[in-house]
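Let me begin by presenting the structure, written as structure tokens, before commenting on it.
Numbering (this note's numbering), first residue to last: 854 to 969.
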């Protein structure tokens, strides 16, 4: 399976999970699409750095070859799928009442000493 196929399959599966399994329907909401450019911008910056400096290198036979800020477009598809799945799960857990109030714990020993 090529990277392109895996990326496209990932997007299709996650959109199906969003619409039919978890039923959060984020992809149908204007607020999702209005805020996604923020995520997209930072994804381009980080991918551009990693691929532009050749920290991450892709096999040309496994990708389409289209690049945006040095990164293959497949990375943008994977990023979309990861963000959508994470938000869908987060909304689902919130609807079920799992940890409605933030409770990160007491923190480190250093923080406890600073509080006292």
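Glycine is no exception: its CB is placed at the ideal position from the N, C-alpha and C atoms.
Bear in mind the structure is a predicted one, so any value in this text is a computation, not a measurement.
Judged by DSSP secondary structure, residue 927 falls within the alpha helix (DSSP H) whose first and last residues are 926 to 948. For residue 913, no alpha helix (DSSP H) encloses it, and the DSSP letter there is neither H nor E.
When DSSP states are grouped into helix, strand and coil, residue 875 belongs to the coil group.
Counting only residues of its own chain and dropping the five nearest sequence neighbours on each side, residue 928 has a CB closer than 7 Å to the CB of 900. In the three-state reduction of the DSSP assignment, residue 920 falls in the strand class, which pools E and B. For residue 945, same chain residues with a beta-carbon under 7 Å away, outside a window of 5 residues either side, are 875, 877 in chain order.
If you look at residue 898, you'll find it in the alpha helix (DSSP H) that goes 883 to 905.
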